[in-house]
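Here is the structure we will look at.
Protein chains: 2
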Amino acid sequence: MKMKKATQILNELGFRKTEIRIKVLEYIQKIGKAVSQPELEKKFNTLADRVTLYRILAAFEEKGLIHKIMDVHGVARYAMCNEKHCTEHEHHDEHVHFNCTECGDVVCLDSIKVPDIKLPKSFSLSRLNLNIEGTCDNCQK
Amino acid sequence: MKMKKATQILNELGFRKTEIRIKVLEYIQKIGKAVSQPELEKKFNTLADRVTLYRILAAFEEKGLIHKIMDVHGVARYAMCNEKHCTEHEHHDEHVHFNCTECGDVVCLDSIKVPDIKLPKSFSLSRLNLNIEGTCDNCQK
DNA sequence: AATAAAAAGCAACATTGTTGCAATTTAATA
DNA sequence: TATTAAATTGCAACAATGTTGCTTTTTATT
């Protein structure tokens, strides 16, 4: 799976290519898991204000570049969207989010499809998030 | 479905029957949806301190009486457990939690079974929460 | 080089949640 | 009923995550 260059993506979405935006996007692309603002703050505290990081994440999400996941601790995390599925107007990130109780990492298990859920007739579904807690591959001995 | 009397439950779990504990338990029993501390605070602000409410919820959860759900806004909510499934030592609340985007209510859809999810071999599952967002029966026109 | 719009920085604040400790209340026992 | 230990509560203080308003800086275009 090839990654588009961060600068190109920012261009295409009408964002300016500031150092921090490039670095944040590259980080989310490479890390392969869902990242939170506090994490970014630790990583990039010399490069940007904490509020800036919140705003970058919000801006990226709004354009369908990343999606927001509420992790099991109630902290917002963000991971790359599948380009095919998500746009500025609609997100479709109905995969499994795995929360490791050992290391705290949250990874998207894109490969696993969430089976169709049959809701009672009077309920209508717009989004879905399957949070699983357990031990991830790294922490398994 | 008959409900056990709140006072009896508190007795059986070794809790003291204080007014606020009885009222909180009765409220969670009757309301039929997942309640948050801020909700209880609005309801019972004259009867108890905010910290007390946090501690009551934590105590009830620890004994397997209610279970904790992180809602889509990252706020902890609690709902009655199914007696048959939950104990002090283990929770089993693997049902659907429906978050209404209109009214904000969160309800447990016990009737809907979450299908088995096949994780990659190196991952192990301990808990599971399927959060669905949409419009609930009350808000459907 | 001038300019408008986007982005960033800073301060202040809101909300949810936690911890420590002292005071009170419950329920059991003498 | 009085005593007592343990449970419960209240209060103050704090921590973490997140938001808003406003000014300043930077980017990219003209």
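Residue numbers (this note's numbering), protein chains in the order written: chain A, 32 to 172; chain B, 32 to 172.
Note that beta-carbon positions come from the ideal geometry of N, C-alpha and C, so glycine has one too.
As the structure is a prediction and not an experimental result, all values here were calculated from the model.
From the listed residues B/N169, B/V138, B/E164, the smallest Cα separation to B/I62 is found for B/V138. Scanning chain B for C-beta atoms nearer than 9 Å to the C-beta of A/A107 yields G105, reported in chain order. With a cutoff of 8 Å on beta-carbon distance, A/A110 and A/K64 are scored as near each other. Looking at the DSSP output, A/Y109 bridges to A/V66, A/K99. When Cβ-Cβ separations below 8 Å define contact, B/S153 makes contact with chain A.
Neighbourhood of A/R158 in chain B, by CB distance below 7 Å: E164, in chain order.
Counting only residues of its own chain and dropping the five nearest sequence neighbours on each side, B/E57 has a CB closer than 8 Å to the CB of A37. If you ignore the 5 residues before and after B/N160, its C-beta comes within less than 6 Å of no other C-beta in its own chain.
According to DSSP, B/G165 shares a beta bridge with A/L156, B/C131. When C-beta atoms of the segment 92-103 of chain B are compared with those of the segment 77-95 of chain A, fewer than three pairs fall below 8 Å, so the two segments do not count as touching. Judged by DSSP in its simplified three-state form, B/L44 adopts coil rather than helix or strand. Under a 10 Å Cβ-count criterion, B/M101 is classified as buried, with 16 or more other Cβ atoms of the shown protein chains found around its own Cβ. For A/I87, the enclosing alpha helix (DSSP H) covers residues 81-93. Interface residue (Cβ-Cβ distance to chain A less than 8 Å): B/D136 is not classified as such. At least one CB atom of chain A sits nearer than 8 Å to the CB of B/L161. In this structure the segment 68-83 of chain A does not touch the segment 124-133 of chain A; the number of beta carbon pairs closer than 8 Å is below three.
Cβ neighbours of A/V145 within its own chain (closer than 6 Å, five residues either side excluded): E125, L161. Scanning chain B for C-beta atoms nearer than 9 Å to the C-beta of A/P69 yields nothing, as the closest lies near 13 Å away. DSSP places B/I148 outside any beta strand (DSSP E), giving it a letter other than H or E.
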